[in-house]
Amino acid sequence: MIGIGLLGLGTVGTGVVEILEKRQEELKSLTGKEIRIKKILVKNINKKREIQIKENIITSDFEEILNDKDISIVVELTGDLEQSYKYIKSALNSGKNIVTANKAVVSKYFEELSSLAAEKNLAFLYEASVGGGIPILKPLKEELALNKITEVQGILNGTCNYILTKMFNEGLDYKEVLKIAQDMGYAEADPTADVEGHDTLRKLRILGTLALQGKIDENDILLEGISKITSFDIEQIKKMNSTVKLIGEVKGLDGGFTALVQPTIIKEDSYFANVNMAFNSVVFTGDNVGELKFYGSGAGKLPTANAVLGDVLDIINGTYRKGNPLGERKLRNLNTELKSEYYLRISLSNEDIFKSIEKISREVLYKNDNIAILTKEIEYLEIIELISSLGIDKDKYFIARVLK
Ligand SMILES: NC(=O)c1ccc[n+]([C@@H]2O[C@H](COP(=O)([O-])OP(=O)(O)OC[C@H]3O[C@@H](n4cnc5c(N)ncnc54)[C@H](OP(=O)(O)O)[C@@H]3O)[C@@H](O)[C@H]2O)c1
96 MIGIGLLGLG TVGTGVVEIL EKRQEELKSL TGKEIRIKKI LVKNINKKRE
146 IQIKENIITS DFEEILNDKD ISIVVELTGD LEQSYKYIKS ALNSGKNIVT
196 ANKAVVSKYF EELSSLAAEK NLAFLYEASV GGGIPILKPL KEELALNKIT
246 EVQGILNGTC NYILTKMFNE GLDYKEVLKI AQDMGYAEAD PTADVEGHDT
296 LRKLRILGTL ALQGKIDEND ILLEGISKIT SFDIEQIKKM NSTVKLIGEV
346 KGLDGGFTAL VQPTIIKEDS YFANVNMAFN SVVFTGDNVG ELKFYGSGAG
396 KLPTANAVLG DVLDIINGTY RKGNPLGERK LRNLNTELKS EYYLRISLSN
446 EDIFKSIEKI SREVLYKNDN IAILTKEIEY LEIIELISSL GIDKDKYFIA
496 RVLK
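Quick note: the sequence shown uses the working numbering, first residue 96, plus one each step.
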């Protein structure tokens, strides 16, 4: 018998319990073993659950899981950053394998937890943390290990993609669509981590670090979210026969890398333009394989739980990449070499602002109550500096990179 300690019984935790129940036979034939959830850690043991759970397996005391000798795999699905770090670290130190879906904890403590697991000869797997139900990390760590990856691009956040798709298709304003997304369960009550791009950034940090085999930190990534986009911006973007997506991108360059998460204007017939609603997609470019595309559900109860259980199966069967998958290349951040055309809209109109903005402009798209321009090839931070030197508040502008 393989004993599992489940940390968290929310959306994903419930999905894990459901799949384990309905696929017992298949699991037995795939592993030759019985797999049983021995304990489930939650915050509030009195909460009413949507599935029936035997009372004696629910606990709010992590020590019960840590001290249970029959539990060899801890599946962390709490979403709590610092607490889950403590849980994962103590579980590894107690000889238990880890599966997590928590991109925040993987991103913040990637190097430390990867080397601790390797040192202890244990698994630390996190397939569900990037791309939810899409198998991305296992192919990257295993099947693509002989490639030199030169580029990773992705639409990595379903909430942002849903909002941008709806705004584009239905001409609605940001706030209206956010409300719909919240009502439909696509966006959290506090959507900050999604719409400001932090969630995409964490996933890109994980992907980029694995792909380039050297550390790319959260602070290494240029970040611009989508929360300031308006229906006016969408109109301008449509006039360019284009659409807009929040894209994360890491490029490997000689001795270094560039990394960004930015709203990105892409032609309507390009690949990412057809990744719509809550779907995610990642494209790798490798020297042997060329371009490889992954597409599917980036979140949701069953897709995410499926990825979690894929990791569990790999641990039981020993079919995961052993040792520390993080490389030791020392990579220089070359973001200052990154120049692009940008779309810039400022919701203030006076001649002084216009004159300053005109200096970086290649084309003026609109000049009335708003100013909208396409910039020359320029560094993103140069635009930010110019805007802040003009005293323009954060909520008064929107910037998006333009891909040709
Ligand atoms: N939802 C998705 O589609 C999705 C997709 C990919 C990755 N993920 C990741 O999967 C993880 C879980 O997400 P979720 O949507 O299932 O979250 P959720 O619905 O909010 O559930 C969280 C669960 O963890 C428990 N919990 C929270 N903090 C805890 C703590 N400090 N100690 C013990 N238990 C704690 C909660 O207990 P109570 O029930 O008692 O409140 C709840 O059962 C997150 O890291 C998330 O980023 C989620």
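Positions of the beta carbon are idealized from the N, C-alpha and C atoms, including for glycine.
Treat the numbers as computed from the prediction; the structure is a model and nothing was measured.
*Is there contact between the segment 270-285 and the segment 196-209, where contact requires at least three CB pairs shorter than 8 Å?*
Touching, no, given that fewer than three Cβ pairs across the two stretches are closer than 8 Å.
**Request:** Could you round the C-beta distance between Pro356 and Leu426 to whole angstroms and report it? I think they count as a contact, below 8 Å.
**Result:** According to the sequence as given, residue 356 is Val; it is not Pro. Distance from Val356 to Leu426 at the Cβ level is roughly 18 Å; contact not present, criterion being Cβ atoms closer than 8 Å.
message: Between the segment 387-399 and the segment 221-237, can you find at least three pairs of beta-carbon atoms closer than 8 Å?
response: Output reads yes: the segment 387-399 touches the segment 221-237.
For this session: Give every residue of the same chain whose Cβ lies closer than 6 Å to the Cβ of Gln331, excluding the five residues on either side of it in the sequence, and list them in chain order.
Result: Correct list, in chain order: Leu460 and Ala467.
Original post:
Comparing the CB of Thr304 with every heavy atom of ligand 1, is any distance shorter than 7 Å?
Top reply: Annotation for Thr304 indicates a beta carbon at 7 Å or more from all heavy atoms of ligand 1.
Euclidean distance between Cα positions of Thr325 and Asn197: Straight-line Cα distance between these residues: approximately 31 Å.
Can you tell which of Asn369, Lys340, Gly350 and Ala373 has the C-alpha that lies nearest to the C-alpha of Pro358? That would be Lys340, whose Cα lies nearest to the Cα of Pro358.
Note the first and the last residue of the continuous alpha helix (DSSP H) segment covering Pro358. In this chain, Pro358 is not harboured by any alpha helix (DSSP H); it is covered by the beta strand (DSSP E) spanning Gly351 to Lys362.
Any heavy atom of ligand 1 inside 7 Å of the beta-carbon of Gln178?
Correct: Gln178 has its Cβ closer than 7 Å to ligand 1.
For the candidate residues Leu172, His293 and Leu251, whose alpha-carbon lies nearest to that of Gly103? Among Leu172, His293 and Leu251, the Cα nearest to that of Gly103 belongs to Leu172.
Just to confirm my understanding: we take Thr304, look at its own chain, exclude 5 residues before and 5 after, and list those with CB closer than 7 Å. What are they?
So the qualifying residues of the chain are Phe205, Lys310, Ile311 and Leu421.
Nearest CA to the CA of Lys499: which residue from Ile455, Thr109, Met335 and Glu159? Considering only alpha carbons, the answer is Met335.
Original post:
How about Ile166 and Gly100: are their beta carbons less than 8 Å apart?
Top reply: Yes, the Cβ-Cβ distance between Ile166 and Gly100 is below 8 Å.
Quick one: which unbroken beta strand (DSSP E) runs of 3-plus residues sit fully inside the segment 381-465? Chain order, please. Correct list: 385-392, 436-441 and 456-462.
Quiz item: Between the segment 364-372 and the segment 123-132, do three or more beta carbon pairs fall short of 8 Å?
Solution: No, they do not touch.
Nearest to Phe449 by alpha carbon, out of Asn256, Asn465 and Ile479? Just measuring C-alpha positions, the residue of Asn256, Asn465 and Ile479 sitting nearest Phe449 is Asn465.
Beta-ladder partner(s) of Val378, from DSSP: Looking at the DSSP assignment, Val378 forms a beta bridge with Gln248 and Lys388.
Let me check you understand the geometry: is the CB of Asn139 closer than 7 Å to at least one non-hydrogen atom of ligand 1?
Checking every heavy atom of ligand 1 against the Cβ of Asn139, one is found closer than 7 Å.
Lys191, buried or exposed, once every other Cβ within 10 Å from all chains shown has been counted against 16: Within 10 angstroms of the beta-carbon of Lys191 lie 16 or more other beta-carbons, which makes it buried.
- Cβ contact check for the segment 400-419 and the segment 207-227: 3 or more pairs under 8 Å: Yes, the segment 400-419 is in contact with the segment 207-227.
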